[in-house]
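Novice: Before I ask anything, here is the structure I am working with.
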Amino acid sequence: MPFYLEGQYAFPFLDMGYLGAEGYFGYADWDTSQTDFDPDNPEREVRVGLHYSHVVTPALRIGAFGAYSRTALVTDDLQREPYETIYGGLEAQYFFGDDFMLFGQAGVGNTFEFPPDQSSDDHEGFRDARFVRAGVTWFPLDSTAITFEYENASADSFLNGGDDSGDFSSFGLSGETVLPTDVPLEITYFARRDFYEISVGDVDLSDLTVGIGVRFLFGADTPRESWQNGRLLTAPRLPARSVDWLEALD
1 MPFYLEGQYA
11 FPFLDMGYLG
21 AEGYFGYADW
31 DTSQTDFDPD
41 NPEREVRVGL
51 HYSHVVTPAL
61 RIGAFGAYSR
71 TALVTDDLQR
81 EPYETIYGGL
91 EAQYFFGDDF
101 MLFGQAGVGN
111 TFEFPPDQSS
121 DDHEGFRDAR
131 FVRAGVTWFP
141 LDSTAITFEY
151 ENASADSFLN
161 GGDDSGDFSS
171 FGLSGETVLP
181 TDVPLEITYF
191 ARRDFYEISV
201 GDVDLSDLTV
211 GIGVRFLFGA
221 DTPRESWQNG
231 RLLTAPRLPA
241 RSVDWLEALD
């Protein structure tokens, strides 16, 4: 069964905004005994990011972020030379009273480290690439937040030695609800559909993921309070996730 761990720490910075860091580790436990199993399926992904969000008004924050991801396939050793990607850009959050938060991110990225079987003239990955992400979070109750988001990314030099481009999109619905406990513990839940298309061939891929988890909130008692008190956006997923599926699309 796939699982992931993620966390974020943010703090006020120079009375002007919030500075923070995030981390993510995902692992997919594939059934390798299946007759049609593809050893190029992604197994592990590590991602870290840094964010700064400037408080323009009590309702508006504008900032910048940078992220690094590292991908390993089922047949690879994470300690060797997997795909490594860096990306970054601008981000913003806007609060409509206590009920809604709009957010968006946009930027560019590039895969810069490759498996040892790729020649220097045939590099592939999230190269010459760009991305956008936008969404809305609704706070129907003090204890609950519901988020819908859309993300799109494209890479000009994705496959076949960089000759073929890729276009990727994702739709996600997620939520978080604080549990009635003495500690700030909440349950999280999500459903997400991703689409990966390349410019040639007929090996386009789609990925449906649903999940449930738990999260500890520090410095806040509710999701709304957490966001209003400085929780930062996470880095977009598709720059790293598209590289996860690169070999399967090849």
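When we follow full-length UniProt numbering, the leftmost residue of the sequence shown carries the number 1, and every step to the right adds one. Beta carbons are placed, not taken as given, at the ideal position from N, Cα and C, and that holds for glycine.
Roughly how many whole angstroms lie between the Cα atoms of L141 and H51?
Specialist: To locate residue 141, count along the sequence shown from 1; it is residue 141. To locate residue 51, count along the sequence shown from 1; it is residue 51. The straight-line gap from Cα to Cα measures roughly 28 Å.
Novice: Measure how close the beta-carbons of E197 and G172 come, nearest whole angstrom, since I'm counting them as under 8 Å.
Specialist: Here the question's residue 197 lines up with position 197 in the sequence shown. Here the question's residue 172 lines up with position 172 in the sequence shown. Rounded, the Cβ-Cβ distance is 18 Å, inconsistent with contact.
Novice: Rounded to whole angstroms, what is the Cα-Cα separation between G125 and A92?
Specialist: For this step, residue 125 is matched to residue 125 along the sequence shown. For this step, residue 92 is matched to residue 92 along the sequence shown. Whole-angstrom Cα-Cα distance: 27 Å.
Novice: Which residues in the same chain have their Cβ closer than 6 Å to the Cβ of F25, if we skip the five residues on either side of it in sequence?
Specialist: Taking the sequence shown and counting its residues from 1, one reaches residue 25 at position 25. Closer than 6 Å at the Cβ level, and outside the excluded window around F25, lie L5 and V46.
Novice: Compare the beta carbon distance of T57 and A240 with 8 Å and say whether it is the shorter of the two.
Specialist: Reading the sequence shown from its first residue, position 57 is the one you call residue 57. Reading the sequence shown from its first residue, position 240 is the one you call residue 240. In this structure, A240 does not lie closer than 8 Å to T57 by Cβ.
Novice: Could you pull the DSSP bridge partners for V70 from this structure?
Specialist: Taking the first residue of the sequence shown as position 1, residue 70 is located at position 70. The sequence given here has Arg at residue 70, not Val. Paired residue(s): V46 and E84.
Novice: Can you tell me whether M16 is buried or exposed? The criterion is at least 16 other CB atoms within 10 Å of its CB, across all chains shown.
Specialist: Taking the first residue of the sequence shown as 1, we reach residue 16 at position 16. M16 is exposed by the Cβ-count criterion.
Novice: Is A248 helix, strand or coil when you go by DSSP?
Specialist: The residue you call residue 248 lines up with position 248 of the sequence shown. The answer is helix: DSSP assigns A248 an H, G or I state.
Novice: For P180, which of helix, strand or coil comes out of DSSP?
Specialist: The sequence position of residue 180 within the sequence shown is 180, counting from 1. Three-state DSSP puts P180 in coil, outside helix and strand.
Novice: What is the rounded straight-line gap between the Cα of W245 and the Cα of F195?
Specialist: Within the sequence shown, the letter at position 245 stands for residue 245. Within the sequence shown, the letter at position 195 stands for residue 195. Whole-angstrom Cα-Cα distance: 11 Å.
Novice: Does R224 come out as helix, strand or coil in the three-state DSSP assignment?
Specialist: Within the sequence shown, numbered from 1, the residue matching residue 224 stands at position 224. It is helical.
Novice: Assuming S154 is part of the beta strand (DSSP E), what are its boundary residues?
Specialist: By 1-based counting over the sequence shown, the position of residue 154 is 154. First-last of the beta strand (DSSP E) with S154: T144 to L159.
Novice: Between L249 and L205, what straight-line distance do the alpha-carbon atoms span, to the nearest angstrom?
Specialist: As a first step, residue 249 must be located in the sequence shown, where it is residue number 249. As a first step, residue 205 must be located in the sequence shown, where it is residue number 205. For L249 and L205, the distance between alpha carbons rounds to 7 Å.
Novice: Name, in chain order, the residues that DSSP records as bridge partners for P12.
Specialist: For the purposes of this step, residue 12 is identified with residue 12 of the sequence shown, where counting begins at 1. P12 is bridged to Y18.
Novice: Among residues of its own chain, excluding the 5 on either side of V214, which ones have a beta-carbon nearer than 8 Å to its beta-carbon?
Specialist: The residue labelled residue 214 in the question sits at position 214 within the sequence shown. Correct list, in chain order: L185, E186, I187 and T188.
Novice: Let me make sure I understand the geometry here. Which of Y87, F103 and L102 has the alpha-carbon closest to that of N110?
Specialist: Start at 1 with the first residue of the sequence shown, and residue 110 comes out as number 110. The shortest C-alpha separation from N110 is found at Y87.
Novice: At a cut-off of 7 Å, would you count P2 as near the ligand MN, judging by its Cβ distance to the nearest heavy atom?
Specialist: Looking at this structure, you won't find the ligand MN or any other ligand, since it has none at all.
Novice: Alpha carbon to alpha carbon, what distance is there between P180 and G107?
Specialist: Reading the sequence shown from its first residue, position 107 is the one you call residue 107. Reading the sequence shown from its first residue, position 180 is the one you call residue 180. Going from the Cα of G107 to the Cα of P180 covers about 39 Å.
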